[in-house]
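Here this note's numbering is used: the first residue of the sequence shown is 19, the next is one more, and so on. In this text, a Cβ means the ideal position worked out from N, Cα and C, and glycines have one as well. None of the values given here were measured: they were computed from a predicted structure. A quick write-up on the structure given underneath.
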Amino acid sequence: MFDNHCHFLCIAHRGASGHEPGNTLPAVQKALELGARAIELDIHYVHNRLLVTHDTVINDPVRGPVDITKCSFETLRTLDVGKGQLIPTLEEVLNVINTKAYVNLELKGRRTAGPVCKLVRSYTREKRWPEDRFILSSFDIKELETARSLCPDICLGLLIDIRSIDFVRLAARVRAKFIGMSLSITDPEIINTAHNNDLKVLVFTINGEPDIRRIKSMGADGVFTDLPELCN
């Protein structure tokens with residue numbers, strides 16, 4: 019994902035979630051249409067399935083709040099997450115992407131890393147996806163440790179939104195390649211610290227051209243954005 023031909027990387031946050039409901043098939047398809055080189059997705063492991071959703075409580079317009087960890091899988095698959103769209107499985111989303119973009123899977127829930135690594139191995143070995151198409155990231159260092167043990171060569175990213183975290187030490191523990199950090203804690207000093215420790219810096223979530231220009235001027239390596247067309 020980080021190569022010499024890409025000086026500044028834009029990752030489509032939950033797909034093109036500025037246009038379609040995030041983490042849905044239309045959002046992913048729209049991101050591809052807009053030329054996104056990488057797409058970020060939120061992953062939970064629920065009912066023995068990998069689901070693409072940011073939250074485990076869905077505000078369905080008819081049923082109201084529904085906890086997907088407590089309802090049946092059949093009910094879960096009827097919930098409206100926006101514009102009539104449903105929660106997709108990770109396999110459904112990967113089949114849409116079909117190697118046309120890098121896939122950044124954010125491990126949201128506990129015990130998600132193991133099933134994700136198993137699926138990654140399936141796609142790389144059986145479906146011949148290049149392993150470098152997959153990136154795993156998380157705020158949870160334990161999930162990243164599990165991912166590193168099960169996927170020893172995969173690209174990992176540590177996510178932070180608190181400046182006091184010793185991200186250099188934590189990143190070294192899992193051999194992370196990048197730090198994903200909130201705009202609120204981003205400045206040239208923290209970017210330089212990351213770079214001095216061979217860590218790339220991606221900033222979230224940036225939806226305005228002035229902010230993108232400012233982040234570029236600080237030396238960051240890329241952004242997560244709901245509007246991937248801003249980087250074209």
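Item to check | Cβ neighbours of Cys249 in the same chain (closer than 8 Å, five flanking residues each side left out) | outcome: Walking along the sequence shown from the start, residue 249 turns up at place 231. So the qualifying residues of the chain are Phe26, Cys28, Ile230, Val241 and Thr243.
Item to check | 4-residue-minimum alpha helix (DSSP H) runs that sit fully inside the segment 89-119, ordered along the chain | outcome: As far as the segment 89-119 is concerned, its whole alpha helix (DSSP H) runs of at least 4 residues are 91-94 and 108-115.
Checklist entry - Can you give the Cα-Cα distance for Arg107 and Arg67, rounded to whole angstroms? => result The residue you call residue 107 lines up with position 89 of the sequence shown. The residue you call residue 67 lines up with position 49 of the sequence shown. The residue you asked about is not Arg; residue 107 is Thr in the sequence shown. CA-CA distance, Thr107 to Arg67, rounds to 7 Å.
Item to check | Residues near Val221 by beta carbon distance below 8 Å, same chain, minus five either side | outcome: Position 203 of the sequence shown, counted from the first residue, corresponds to residue 221. Cβ within range, chain order: Gly198, Met199, Ser200, Leu201, Thr204, Ile233, Ala238, Gly240, Val241 and Phe242.
Checklist entry - Which of helix, strand or coil does DSSP assign to Leu245? => result Numbered from its first residue, the sequence shown carries residue 245 at position 227. Leu245 carries a coil assignment under DSSP once its states are collapsed to helix, strand and coil.
Checklist entry - Using DSSP with H/G/I as helix, E/B as strand and the rest coil, what is Pro79? => result Against the sequence shown, residue 79 aligns to sequence position 61. Annotated three-state conformation of Pro79 is coil, per DSSP.
Item to check | Exposed unless 16 or more other CB atoms sit within 10 angstroms - verdict on Gly175 | outcome: Position 157 of the sequence shown holds residue 175. Classification for Gly175: buried.
Item to check | Residue closest to Lys101, alpha-carbon to alpha-carbon, out of Thr74, Asn41 and Glu144 | outcome: As a first step, residue 101 must be located in the sequence shown, where it is residue number 83. Checked all of Thr74, Asn41 and Glu144; the closest Cα to Lys101 is Asn41.
Next on the checklist: Within the continuous beta strand (DSSP E) that includes Gly132, where are the two ends?
Outcome noted: What you label residue 132 is simply residue 114 of the sequence shown in a count that begins at 1. Gly132 -> not in any beta strand (DSSP E); alpha helix (DSSP H) instead, spanning Ala131 to Arg143.
Item to check | Beta-carbon separation (whole angstroms), Ser138 vs Arg166, contact threshold 8 Å | outcome: Here residue 138 is taken as the residue at index 120 of the sequence shown, counted from 1. Here residue 166 is taken as the residue at index 148 of the sequence shown, counted from 1. It should be noted that the sequence gives Val, not Ser, for residue 138. In fact, because the Cβ distance is near 13 Å, the residues do not count as touching under 8 Å.
Item to check | C-alpha distance - Pro79 paired with Leu154, whole-angstrom precision | outcome: The residue labelled residue 79 in the question sits at position 61 within the sequence shown. The residue labelled residue 154 in the question sits at position 136 within the sequence shown. Cα atoms of Pro79 and Leu154: separation of roughly 32 Å, rounded to the nearest angstrom.
Checklist entry - Once you ignore the five residues that flank Thr87 on each side, which residues in its own chain have a CB closer than 7 Å to its CB? => result As a working note, residue 87 is residue 69 in the sequence shown. Hits under 7 Å: Val64 and Thr74.
Next on the checklist: Less than 6 Å between C-beta atoms, sequence neighbours within five positions excluded: which residues of the same chain meet that for Ala212?
Outcome noted: Mapped onto the sequence shown, residue 212 falls at position 194. Short of 6 Å from the beta carbon of Ala212, and not among the five residues preceding or following it, lie these beta carbons of its own chain, in chain order: Ile197 and Val219.
Next on the checklist: Quick test of your reading: Val46 and Ile115, contact by CB under 8 Å. State the CB separation rounded to the nearest angstrom.
Outcome noted: If you number the sequence shown from 1, residue 46 lands on position 28. If you number the sequence shown from 1, residue 115 lands on position 97. So it is a contact: roughly 6 Å between Cβ atoms.
Next on the checklist: Quick check on DSSP: helix, strand or coil for Asn225?
Outcome noted: Start at 1 with the first residue of the sequence shown, and residue 225 comes out as number 207. Three-state result, Asn225: coil.
Checklist entry - Taking buried to mean at least 16 other C-beta atoms within 10 Å of its own C-beta, is Phe152 buried or exposed? => result Position 134 of the sequence shown, counting from 1, holds the residue named residue 152. Only buried fits Phe152, as 16 or more other CB atoms lie within 10 angstroms of its CB.
Item to check | Beta-carbon separation (whole angstroms), Cys169 vs Lys195, contact threshold 8 Å | outcome: As a working note, residue 169 is residue 151 in the sequence shown. As a working note, residue 195 is residue 177 in the sequence shown. Not quite, the Cβ-Cβ distance comes to about 13 Å (not below 8 Å), so this is no contact.
Next on the checklist: Using 8 Å as the threshold, is the C-beta distance between Lys215 and Gly36 below it?
Outcome noted: For the purposes of this step, residue 215 is taken as residue 197 along the sequence shown, with counting starting at 1. For the purposes of this step, residue 36 is taken as residue 18 along the sequence shown, with counting starting at 1. In the sequence under discussion, the amino acid at residue 215 is Asn, which differs from the Lys named in the question. No, these two residues do not count as a Cβ contact at 8 Å.
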